[in-house]
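A short write-up of the structure that comes next.
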């Protein structure tokens, strides 16, 4: 194994924190990985990893060496790719994690068009609304929708969305329509299980305020909440990319039009600040162009 291969192996072990996980990814015996790391430490004359029964951790020398390895490998990858990639069509495999409703409703048609235009691209999708460790999961890319990124996230904003309060005309006829967000507490409001609080956010006078809600139904699926609202069971608060069709077809009405929800960013998140392969950059650029600064699903928002 040459020096660069040793560096790549060490970086992978450091990021996953496990010899076994790396061995599984490489489809080799764990002993092969441990011997190669030991050989690298012997060559350098210092310990890079502190072994424990639960998890590996970096020594101070290992942390310094890790950052240098990332810099060197990034430069090597960029130099090699620059000789060929810019003149070639994207190719290779993409493993992506993305939210359920947004992924199925909005991104699947875009992925289909991208693959049709790039026949040497293959894509593997994992749908989940939970935050996923990209390195441990072996992902090339994550699509995340959030009002704020986590510290350390390496990301590019590719679009935006807002949430709206909606209910079926039948529910409104039976129970009336709230005139202010504070009136929501008197209505049957459907909650999203993964939300961090049982309240909904609105922008008032340039500030975000949270108003409590309550109801008998919760779900970890925006589409499930959508179906319940269309069925007239109550009020829900969902992104425009989920309710767009129902609003256009008048199955749902937007409530509280004078009170806007804060904007959510749609981000392409990368595993780290290392070199981003051409196939990943090509897809992210394509999605950014398709979504744009004025996403089509936000056209249903009340004017003003």
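Numbering (this note's numbering), first residue to last: 3 to 306.
Here a beta-carbon is modelled for each residue, glycine too, at the ideal position from N, C-alpha and C.
Could you pull out every residue in the same chain whose Cβ sits closer than 6 Å to the Cβ of residue i, ignoring the five residues on either side in sequence?
| i | result |
| --- | --- |
| residue 8 | 42 |
| residue 299 | 242, 243, 246 |
Could you give the distance in angstroms between the alpha-carbon of residue i and the alpha-carbon of residue j?
| i | j | result |
| --- | --- | --- |
| residue 23 | residue 16 | 11 Å |
| residue 105 | residue 48 | 46 Å |
| residue 90 | residue 110 | 25 Å |
| residue 165 | residue 252 | 17 Å |
| residue 295 | residue 238 | 26 Å |
| residue 178 | residue 185 | 11 Å |
If residue i and residue j are in contact, beta carbons under 8 Å, what's the gap, nearest whole angstrom?
| i | j | result |
| --- | --- | --- |
| residue 58 | residue 103 | No, residue 58 and residue 103 are not in contact; Cβ-Cβ is about 37 Å, not under 8 Å. |
| residue 128 | residue 99 | 5 Å |
If you drop the 5 nearest sequence neighbours on each side, which residues of the same chain put their C-beta closer than 7 Å to that of residue i?
| i | result |
| --- | --- |
| residue 146 | 269, 271 |
| residue 217 | 190, 191, 192, 193, 236 |
| residue 140 | 27, 97 |
| residue 79 | 277 |
| residue 72 | 13, 276 |
Determine the contact status of residue i and residue j, defining contact as a CB-CB distance below 7 Å.
| i | j | result |
| --- | --- | --- |
| residue 293 | residue 246 | no |
| residue 167 | residue 258 | yes |
| residue 203 | residue 263 | yes |
| residue 196 | residue 131 | yes |
| residue 248 | residue 254 | yes |
| residue 281 | residue 94 | yes |
| residue 32 | residue 25 | yes |
| residue 161 | residue 297 | yes |
| residue 228 | residue 221 | no |
| residue 123 | residue 153 | no |
In its own chain, which residues sit with a C-beta less than 8 Å from the C-beta of residue i, not counting the 5 before and 5 after it?
| i | result |
| --- | --- |
| residue 60 | 16, 50, 51, 52, 68 |
Requested in this report: Could I get the ranges of all uninterrupted alpha helix (DSSP H) runs contained in the stretch 215 to 243, with 4 residues as the minimum, in chain order?
Outcome: The stretch 215 to 243 contains these whole alpha helix (DSSP H) runs: 224 to 232.
Query raised in the report: At which residue ranges does the stretch 240 to 285 contain complete alpha helix (DSSP H) runs of 4 or more residues, listed in the order of the chain?
Result: The qualifying runs are 242 to 250.
**Report entry** Inside the stretch 36 to 68 only - alpha helix (DSSP H) runs reaching at least 4 residues
**Finding:** The stretch 36 to 68 contains no whole alpha helix (DSSP H) run of 4 or more residues.
**Report entry** Any alpha helix (DSSP H) of 4 or more consecutive residues that is wholly inside the stretch 78 to 120
**Finding:** Unbroken alpha helix (DSSP H) runs of no fewer than 4 residues, entirely contained in the stretch 78 to 120, are found at 110 to 119, following chain order.
Requested in this report: Any chance you could list the beta strand (DSSP E) runs of at least 3 consecutive residues sitting entirely within the stretch 155 to 200, in chain order?
Outcome: For the stretch 155 to 200, whole beta strand (DSSP E) runs of length 3 or above, ordered along the chain, are 156 to 169.
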